[in-house]
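Student: Below: one structure in structure tokens.
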Amino acid sequence: MRVARCRWTVLSLLALCAVAFAQEGAEKAAPEKPWRGGWGGMRDPEKVIACARELQFNALIVNGPVDRMNDFIALAKKEGIDVYYWFSPIARGKELEPWRQHMRPEDEQRLLEIRADKDPKKSGYQSGGEPLPGHHDVLRARLLCFHRPEVIEHCKRKIAETMKACPGLAGVALDYFGYQNYRGCHCPVSEKRFEAYRKANPDLPRDKAFEQFSLTTLVDTINEMSDHVRSIRPDAKVAIHVYPTFLPEPLYGNRLNLDYCCQTVAWFFEPYWPDEKVRRYTRIVVNEAKKHYPRQQGIPFVGVYVGRKIADKPPERLARELRLIREAGDTQSLSVCTFGDLVKHEAIRAVFKDALDATDTTAH
Ligand SMILES: [Zn+2]
147 MRVARCRWTV LSLLALCAVA FAQEGAEKAA PEKPWRGGWG GMRDPEKVIA CARELQFNAL
207 IVNGPVDRMN DFIALAKKEG IDVYYWFSPI ARGKELEPWR QHMRPEDEQR LLEIRADKDP
267 KKSGYQSGGE PLPGHHDVLR ARLLCFHRPE VIEHCKRKIA ETMKACPGLA GVALDYFGYQ
327 NYRGCHCPVS EKRFEAYRKA NPDLPRDKAF EQFSLTTLVD TINEMSDHVR SIRPDAKVAI
387 HVYPTFLPEP LYGNRLNLDY CCQTVAWFFE PYWPDEKVRR YTRIVVNEAK KHYPRQQGIP
447 FVGVYVGRKI ADKPPERLAR ELRLIREAGD TQSLSVCTFG DLVKHEAIRA VFKDALDATD
507 TTAH
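In structure tokens, the structure reads:
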């Protein structure tokens with residue numbers, strides 16, 4: 147009896163120690179390093195890199211000839227800034243045409259109307275973002291159908307070639323992985339694979355099955371690309387901008403097995419998103435990022451076009467969005483497109499600097 151009680155005491159002490167140790171461990175766990183990524187061009191590299199440094203962006207996402215990328219990487223490295231290869235599976239050129247996604251006739255008709263729209267703001271067209279209520283949008287860019295093995299091989303080859311030619315890259319940033327009609331592809335290859343999916347899931351209604359098939363294959367493709375990048379170089383990082391929108395589930399990003407998942411919390415165009423939506427999306431993007439994969443950091447993405455016919459976000463509006471994001475998300479990470487507009491416009495840079503100062507004040 148005495149021995150038993152003694153054993154219990156020892157066990158209890160051990161358990162208490164374990165709890166104390168775990169708490170101490172939790173307290174000491176280093177916070178994740180903020181990731182601030184700018185999607186943009188390489189024109190005036192010195193200016194772009196100086197702007198990134200000034201605004202504490204530590205990642206720049208670019209695309210271009212490998213020689214120019216290597217020069218850009220060398221300059222950025224001196225300032226401690228990582229460079230990512232911006233890769234998009236867009237169906238450009240005649241030779242890729244047979245592999246592009248197919249849309250229904252009504253979507254093709256809509257595409258013609260959007261292209262022909264002469265209104266400077268294209269009548270509320272959101273260009274790959276969530277369409278306005280009651281609007282029927284499709285993406286103007288033709289996308290490759292990733293249900294085809296040839297397309298998967300093509301994407302993998304492009305990524306591997308670029309990583310080999312630019313060994314200083316920190317990683318790859320994916321963009322335009324999605325559907326031109328924001329829902330799914332109707333090419334013969336996709337239709338055939340969908341029928342097989344239906345047979346394997348006979349209890350699902352057709353619409354629901356199409357949504358799930360489209361989402362699962364999209365997520366699997368992105369995760370395959372992410373694995374591919376790590377198979378080439380295990381320390382390479384993978385980022386993504388979740389774009390174009392996938393209408394059945396716009397915030398699907400936490401299903402992706404990658405490092406930096408940029409999901410839109412404030413879009414480029416008017417009408418700008420309501421405060422409540424910016425806050426709600428920020429909370430989901432940041433707080434639910436690790437639901438499936440612990441490697442993932444959820445990065446709020448903000449669209450910024452300044453002085454363009456289709457959009458011209460005023461500094462005050464951007465300041466408001468950055469404040470809402472700061473208040474809603476427990477993160478100093480951020481992603482912005484187009485970074486070149488920050489380089490060009492002093493008033494916009496000032497907004498980011500003020501936001502940084504505010505974050506510093508909150509942090510201390
Ligand atoms: Zn297809």
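147 is the number of the first residue of the sequence shown in my numbering; add one for each residue after it. Think of the CB as a built atom: it goes at the ideal place given N, C-alpha and C, for glycine as much as any other residue.
Can you name, in chain order, every residue of its own chain whose Cβ lies under 8 Å from the Cβ of R329, other than the five neighbours on each side?
Tutor: F356, E357, S360, F392, L393 and P394
Student: In the DSSP assignment, find the beta strand (DSSP E) that holds N344 and state where it starts and stops.
Tutor: It is Arg, not Asn, that sits at residue 344 in the sequence shown. Segment P334 to A346 is the alpha helix (DSSP H) holding R344; no beta strand (DSSP E) there.
Student: Are the CB atoms of V194 and F414 nearer to each other than 8 Å?
Tutor: Taking 8 Å as the cut-off, the Cβ atoms of V194 and F414 do not count as close.
Student: L285: which of R261, D366 and G475 sits nearest, CA to CA?
Tutor: For L285, the nearest C-alpha among the options comes from R261.
Student: Where does G444 fall in DSSP's three states?
Tutor: Reduced to three states, the DSSP call for G444 is strand.
Student: Looking at C-beta atoms only, is the number of pairs between the segment 244 to 253 and the segment 221 to 230 that lie closer than 8 Å three or more?
Tutor: no
Student: Taking 7 Å as the cut-off, does the CB of H248 come closer than this to any heavy atom belonging to ligand 1?
Tutor: yes
Student: Tell me whether C331, by its Cβ, gets closer than 7 Å to a heavy atom of ligand 1.
Tutor: For ligand 1, at least one heavy atom lies less than 7 Å from the Cβ of C331.
Student: So, at 8 Å on beta carbons, what are the nonlocal neighbours of L315 in its own chain, with the 5 sequence-adjacent residues on each side left out?
Tutor: So the qualifying residues of the chain are M215, I219, V229, Y230, Y231, T308, M309 and A382.
Student: Across which residues does DSSP place D228 in a beta bridge pair?
Tutor: In the DSSP assignment, D228 forms a beta bridge with A205.
Student: Tell me, which residues are paired with C407 by DSSP?
Tutor: When DSSP reads this structure, C407 sits in a beta bridge with I386 and G444.
Student: Tell me whether H300 counts as near ligand 1, meaning its Cβ is closer than 7 Å to at least one heavy atom of that ligand.
Tutor: no
Student: To the nearest angstrom, how far is it from the Cα of V375 to the Cα of P390?
Tutor: 22 Å
Student: With respect to 7 Å, is the separation between the Cβ of V365 and the closest non-hydrogen atom of ligand 1 below this value?
Tutor: no
Student: Nearest by alpha-carbon distance to I368: which of G184, K302 and D487 is it?
Tutor: When each option's Cα is compared against that of I368, the closest is K302.
Student: Tell me whether P351 is buried or exposed, calling it buried when 16 or more other Cβ atoms sit within 10 Å of its Cβ.
Tutor: exposed
Student: Spatial neighbours of V178 within its chain, please: C-beta separation below 7 Å, excluding the five flanking residues on both sides.
Tutor: In the sequence under discussion, the amino acid at residue 178 is Glu, which differs from the Val named in the question. Within the same chain, E178 has close Cβ partners Q443.
Student: Pair every Cβ in the segment 421 to 429 with every Cβ in the segment 285 to 301, then say whether three or more of these pairs are closer than 8 Å.
Tutor: no
Student: Check whether the Cβ atoms of V450 and D487 lie closer than 8 Å to each other.
Tutor: yes
Student: Considering only heavy atoms of ligand 1, does any lie closer than 7 Å to the CB of V335?
Tutor: yes
Student: Can you give the Cα-Cα distance for N204 and A198, rounded to whole angstroms?
Tutor: 7 Å
Student: Measure the Cβ-Cβ separation of L470 and D506 and say whether it is below 8 Å.
Tutor: no
Student: Alpha carbon to alpha carbon, what distance is there between A474 and A504?
Tutor: 14 Å
Student: Would DSSP call V165 helix, strand or coil?
Tutor: For V165, the predicted model reports a pLDDT of 46, less than 50, meaning its position is unreliable and no value from the coordinates is stated.
Student: Would you please state the rounded distance, in angstroms, between the beta carbons of L464 and I445? I believe it to be under 8 Å.
Tutor: 17 Å between Cβ atoms; not a contact.
Student: Could you tell me which of T477, R182, S336 and D253 sits nearest to I227, measuring between CA atoms?
Tutor: With respect to the C-alpha of I227, the residue from T477, R182, S336 and D253 having the closest C-alpha is R182.
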